[in-house]
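K.L.:
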Amino acid sequence: MIDSHCHLDSEKFDADREAAIDRALAAGVERMVVIGTGEGPPDLEAGIRLADRHQPIYATVGVHPHDASKATPETYTRLRELLKHPKVIALGEMGLDYHYDHSPREVQRDVFLQQMLIAGEARKPIVIHTREAWEDTIALLEVYWRPYGLGGIMHCFSGNADQAALCLDLGFHLSFGGIVTFPKAADVQEAARQASADRILIETDAPYLAPVPHRGKRNEPAFLVETVRKLAEIRGMTPDDAAQATTRNFERLCLRYTG
Ligand SMILES: [Zn+2]
Ligand SMILES: [Zn+2]
């Protein structure tokens, strides 16, 4: 299995980061993507620091919508450089978060757009975070991202089947996290049931959004087992088949440049 989105750099792992990685490997999570947004610019290397030290870890670089107001022209120059790192597989997470509004919305949109241009130029997929900003997110992707034909990952997909279809049409993969295991997440489960098998991914988003039966606790990559089990049940396949399909999808999308 591949955890396509986790924040192992979080201070919530300061006490047991190595042990958490070992537990993930023991649970069958062979690779983990650490999202490099960290505390925001000027530090853009939160993921790379871990990828450099741990063979099973890959990284992204990017500016989270929460941190959009911290981005400067130097941020973009540095992102272009860091995208050349051999273990950086995508740019993100980027997007729009109108729930928290930690950065002004017009700044969020601009920083999102700038990052799409950088990723397109570097021919790398993007990782999208969107919350209560569905229409603006899709509109920007439609204009600025679709023409590149590079696709990407809708991280922690929490929409319904219609929204899933829109994302698939834009060339995206849907990454399912802990939410798909929640009893009341019928819409997300239906989206997970309908999505084509070659476009599904799994993630923890650790330390956030732990799957049932760990809900409410700190999440960690080892808990990916619960998400894959639920995804398999929803789709009427075995957990092994779901693990294999999502691993293959990830490799096809993200590892074609790194080998
Ligand atoms: Zn996110
Ligand atoms: Zn995240």
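Each number in this note's numbering corresponds to the 1-based position in the sequence shown with 13 added.
By construction, the Cβ of each residue, glycine as well, lies at the ideal position given by its N, Cα and C atoms.
All figures in this text were calculated on a predicted structure; none of them were measured in a lab.
Checking 8 Å against the spacing of the C-beta atoms, do Thr260 and Met14 come in under that value?
P.N.:
Yes, Cβ-Cβ distance for Thr260 and Met14 is below 8 Å.
K.L.:
By how many angstroms is the C-alpha of Ile102 removed from the C-alpha of Gly272?
P.N.:
Low confidence applies here, because Gly272 scores a pLDDT of 44, under 50, leaving its location unreliable; read the following figure in that light. Looking at the two C-alpha atoms, the distance is approximately 11 Å.
K.L.:
Quick check on the burial criterion: 16 or more other C-beta atoms within 10 angstroms. Buried or exposed for Lys137?
P.N.:
Buried.
K.L.:
Please report the straight-line C-alpha distance between Thr143 and Ile151, rounded to a whole angstrom.
P.N.:
About 9 Å.
K.L.:
Between Pro117 and Ser82, which are expected to be in contact by the criterion C-beta below 8 Å, what is the C-beta distance as a whole number of angstroms?
P.N.:
Going by Cβ atoms, the distance from Pro117 to Ser82 rounds to 7 Å, so yes, they are a contact pair.
K.L.:
Between Gly164 and Leu268, which are expected to be in contact by the criterion C-beta below 8 Å, what is the C-beta distance as a whole number of angstroms?
P.N.:
Wrong, their Cβ atoms sit about 14 Å apart, outside the cutoff.
K.L.:
Give every residue whose Cβ lies closer than 6 Å to any heavy atom of ligand 1, listed in chain order.
P.N.:
The set, ordered by position in the chain, is Glu106, His142, His168 and Cys169.
K.L.:
In the DSSP assignment, find the unbroken alpha helix (DSSP H) run with Tyr89 in it and report its ends.
P.N.:
Element bounds for Tyr89: Pro86 to Leu95.
K.L.:
Keeping to the same chain, check which residues put their C-beta closer than 6 Å to that of Val74; ignore five residues upstream and five downstream.
P.N.:
Around Val74: Gly49, Leu57, Leu92, Leu95 and Val101.
K.L.:
Determine the extent of the alpha helix (DSSP H) in which Ala103 is found, giving its start and end residues.
P.N.:
No alpha helix (DSSP H) holds Ala103; the beta strand (DSSP E) holding it covers Val101 to Asp110.
K.L.:
Going by alpha carbons, who is nearest to Leu222 out of Gln202, Leu187, Cys169 and Leu244?
P.N.:
Of the candidates Gln202, Leu187, Cys169 and Leu244, the one whose C-alpha sits nearest the C-alpha of Leu222 is Cys169.
K.L.:
Span of the alpha helix (DSSP H) holding Gly60?
P.N.:
Looking at the DSSP string, the run of the alpha helix (DSSP H) that includes Gly60 is Ala59 to Arg66.
K.L.:
Ligand 2 and His227: does the residue's C-beta get closer than 7 Å to at least one heavy atom of that ligand?
P.N.:
No, ligand 2 has no heavy atom inside 7 Å of this Cβ.
K.L.:
Can you pull the DSSP bridge partners for Met167?
P.N.:
Paired residue(s): Ile141 and Leu187.
K.L.:
CA-CA distance, Lys197 and Glu87?
P.N.:
Cα to Cα, Lys197 sits roughly 44 Å from Glu87.
K.L.:
Compare the C-alpha of Asp110 against each of Ala28, Arg248 and His79 and name the closest.
P.N.:
Closest by alpha carbon: His79.
K.L.:
Rounded to whole angstroms, what is the Cα-Cα separation between Thr215 and Thr90?
P.N.:
Looking at the sequence itself, residue 215 is Ile, so the reference to Thr does not match. C-alpha separation (whole angstroms): 31 Å.
K.L.:
What is the DSSP secondary structure of Val42, counted as helix, strand or coil?
P.N.:
In the structure shown, Val42 sits in coil (DSSP, three-state: anything other than H, G, I, E or B).
K.L.:
Which of helix, strand or coil does DSSP assign to Ala152?
P.N.:
Reduced to three states, the DSSP call for Ala152 is helix.
K.L.:
Round the Cβ separation of Val76 and Gly60 to the nearest angstrom and send it over; I've been treating them as touching at under 8 Å.
P.N.:
Not quite, the Cβ-Cβ distance comes to about 13 Å (not below 8 Å), so this is no contact.
K.L.:
Sort out for me which residues DSSP pairs Ala131 with in a bridge.
P.N.:
According to the sequence as given, residue 131 is Ile; it is not Ala. None; Ile131 has no bridge partner.
K.L.:
Taking the CB atoms as reference points, tell me whether Phe263 and Ser17 lie closer together than 8 Å.
P.N.:
Contact flag set, yes.
K.L.:
In chain order, what residues of the same chain lie with their CB nearer than 8 Å to the CB of Pro226, ignoring the 5 residues before and after it?
P.N.:
Only Glu239 meet the Cβ criterion.
K.L.:
Apply the 10 Å Cβ neighbour rule to His20 and answer buried if 16 or more other Cβ atoms are within range, or exposed otherwise.
P.N.:
So His20 counts as buried.
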